[in-house]
Each structure stands twice: as structure tokens, then as C-alpha cells.
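In terms of the numbering used here, the sequence shown opens at residue 618 and continues consecutively.
Working notes, structure below.
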Amino acid sequence: MLAQDGDRGGGWYVYRCSSEGTRDSLYRAPVWIPASQAPADAKPPAPSPEDLARQARSQLRLPDPTIGSNPAGTQLVRVPTWLWIDSRLWRPHTATASVPGVSVTATARPTSVSWSMGDGTTLTCRGPGTEFPADADPGSASPDCGHTYQRSSAGAADARFPVTATVSWQITWSGAGEQGRFPNMTTDDETSFRVAEAQALGTG
Numbered sequence: 618m619l620a621q622d623g624d625r626g627g628g629w630y631v632y633r634c635s636s637e638g639t640r641d642s643l644y645r646a647p648v649w650i651p652a653s654q655a656p657a658d659a660k661p662p663a664p665s666p667e668d669l670a671r672q673a674r675s676q677l678r679l680p681d682p683t684i685g686s687n688p689a690g691t692q693l694v695r696v697p698t699w700l701w702i703d704s705r706l707w708r709p710h711t712a713t714a715s716v717p718g719v720s721v722t723a724t725a726r727p728t729s730v731s732w733s734m735g736d737g738t739t740l741t742c743r744g745p746g747t748e749f750p751a752d753a754d755p756g757s758a759s760p761d762c763g764h765t766y767q768r769s770s771a772g773a774a775d776a777r778f779p780v781t782a783t784v785s786w787q788i789t790w791s792g793a794g795e796q797g798r799f800p801n802m803t804t805d806d807e808t809s810f811r812v813a814e815a816q817a818l819g820t821g
């Protein structure tokens, strides 16, 4: 059935199940209906904060990460690989849903990045990682997000290891004096690394 909120010229309506023990499988946003078109059995209440929170969550537009690494090309066995994603996405992102008198905001906050390195190794970094400084020692390890391959990718498909970075986002909402959480959301990026054996150089 339709439930109404509004008393002059029309009202905001939200779909609700009328059968006991059932629930809508698809959330539908509130709509404005002029009084002349309002159904005879229209009754309050307005959309709940939870209804608006679901609408706000559906409007979140989270940026996809972009993988960065050093070495930038071929990785080397037993030489540390620095890993990072674009640090500009590492901030809260919000979306708001409103009807007259009620406004609810959903907020997504990045919490971690899970890396699948293609050699059977997975690791979790609590931030976006640190970009490799131009003056850093090529043999140094990343201070917060990195991996060291122990074997080459020669035996892998296309002689490359598939690499995936998955960002986990914590989703919360607040408004109308209430607050809550939704299950986490994720975004990801994929690439592949060729990993070669480091060649020793003889002198003399």
C-alpha cells in the first residue's frame, strides 16, 4: 500500500507491504503525489530514517582504486615491491537522501586494502600505501605496504602474476536523531606483474 506524509496540495508516499509477515524485496524511493491523485486509503507515516538511509547508500559513488608499484615495470625476485593506490580516494565519501523535515546521510570510509599477489600470497594494508620516493634506495622495503616475491612468474599464465587490490569501505548512516551501519562495500583494481630472477654481475 501507499503511506503518506504531507497535508497541502499532495504528499510524499512510500511503498509498504500490507500483508503481515511479508516485506518488500526491492526498496523504492519516496515519490510526491498531488492531492488530486492520492489514494483514498493513504495513511501516515513518512519514510523512516532507515528507508532514507537505504536510498542514500544506493546513491554512494565510490572511486575505483588505481594500482601503483615500484619497480614500475618488471619485478625482481627477493627485491622488495612497493604497493600503493591513489591516496586521493582515501577519504570519506557521502550521499544524502531527504524528504520534507527528514534528511539522512550515508558515509563510506576506506578502512583497508587487501592485495592478492598472484603467487599465492595475500596481504592487508591499513592505508593506501606509500608511493616510492624518487631518491629512495631501490632495495629498500615500503614502510607500510609491500611484498617480496620469492620466485619468478615464468611458470604462470602469460609469464605474469595476476594482482588485485580490493578496498574495503565501512558504511554508516545518521540523521533524524538516529544512526546505523550497513555491510561493507568494496572496490577493486587489477593488473599483472612479470617477476624475473635478479642476475648477478661478475667483476674482475
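Heads up, the beta-carbon is just placed ideally off N, CA and C, and yes, glycines get one too.
Classify residue i: buried if its beta carbon has 16 or more other beta carbons within 10 angstroms, exposed otherwise.
| i | result |
| --- | --- |
| Gly-763 | buried |
| Ala-568 | A question about residue 568 goes unanswered here, because the residues of the chain that appear run from 618 up to 821. |
| Ala-673 | buried |
| Gly-756 | exposed |
| Pro-745 | buried |
| Thr-747 | buried |
| Pro-651 | exposed |
| Gly-737 | exposed |
| Ala-670 | buried |
| Gly-638 | Residue placement at Gly-638 is poorly supported in this model, since its pLDDT is 42, which falls under 50; the coordinates still yield a value, given next. By the neighbour-count rule (16 or more Cβ atoms within 10 Å), Gly-638 is not buried but exposed. |
| Pro-717 | exposed |
| Pro-800 | exposed |
Quick check on this structure: which residue in the options has the alpha carbon closest to the alpha carbon of residue i?
| i | options | result |
| --- | --- | --- |
| Asp-703 | Gly-718, Thr-683 and Val-719 | Thr-683 |
| Thr-741 | Thr-711, Trp-701 and Asp-775 | Trp-701 |
| Thr-691 | Phe-799, Met-802 and Arg-777 | Arg-777 |
| Ser-830 | Trp-790, Asp-806 and Thr-747 | Lying before the first or after the last residue shown, residue 830 is absent from the chain, which here runs from 618 to 821. |
| Leu-679 | Arg-708, Leu-693 and Ala-689 | Arg-708 |
| Leu-706 | Ala-725, Ile-788, Asp-761 and Arg-671 | Ala-725 |
| Ser-809 | Ala-771, Val-721, Ser-720 and Ala-714 | Ala-771 |
| Ser-769 | Arg-695, His-710 and Leu-677 | Arg-695 |
| Thr-711 | Ile-788, Arg-811 and Ala-813 | Ile-788 |
| Gly-735 | Ala-753, Phe-749 and Ala-774 | Ala-774 |
| Trp-699 | Asn-801, Ala-751 and Met-802 | Ala-751 |
| Thr-739 | Thr-765, Ala-815 and Val-716 | Thr-765 |
| Leu-677 | Glu-814, Met-802, Ala-815 and Pro-779 | Met-802 |
| Pro-779 | Arg-811, Thr-804 and Asp-754 | Arg-811 |
| Pro-727 | Ala-815, Ala-813 and Thr-804 | Thr-804 |
In this structure, does DSSP put residue i in helix, strand or coil?
| i | result |
| --- | --- |
| Leu-693 | strand |
| Ala-782 | strand |
| Glu-814 | coil |
| Pro-666 | helix |
| Ala-774 | helix |
| Gly-638 | No answer about Gly-638 holds up, because its pLDDT of 42 lies below 50 and its placement is not dependable. |
| Leu-706 | helix |
| Ser-791 | strand |
| Arg-674 | helix |
| Phe-749 | coil |
| Gln-767 | coil |
| Ala-714 | strand |
| Pro-651 | strand |
| Ala-725 | strand |
| Cys-762 | coil |
| Leu-700 | strand |
Please look up how many angstroms separate the CB atoms of residue i and residue j, rounded, as I've assumed it's under 8 Å.
| i | j | result |
| --- | --- | --- |
| Asp-601 | Asp-681 | Coverage of the chain is limited to positions 618 through 821, which leaves residue 601 absent and any answer about it impossible. |
| Ala-758 | Pro-688 | Their Cβ separation, rounded to whole angstroms, is 13 Å, which puts Ala-758 and Pro-688 out of contact at 8 Å. |
| Val-719 | Thr-713 | That pair is no contact at about 11 Å. |
Requested in this report: Specify whether the stretch 775-784 and the stretch 729-747 touch according to this definition: at least 3 beta carbon pairs, one from each stretch, less than 8 Å apart.
Outcome: yes
**Report entry** Segment contact flag, the stretch 666-673 with the stretch 793-801, C-beta cutoff 8 Å, min 3 pairs
**Finding:** yes
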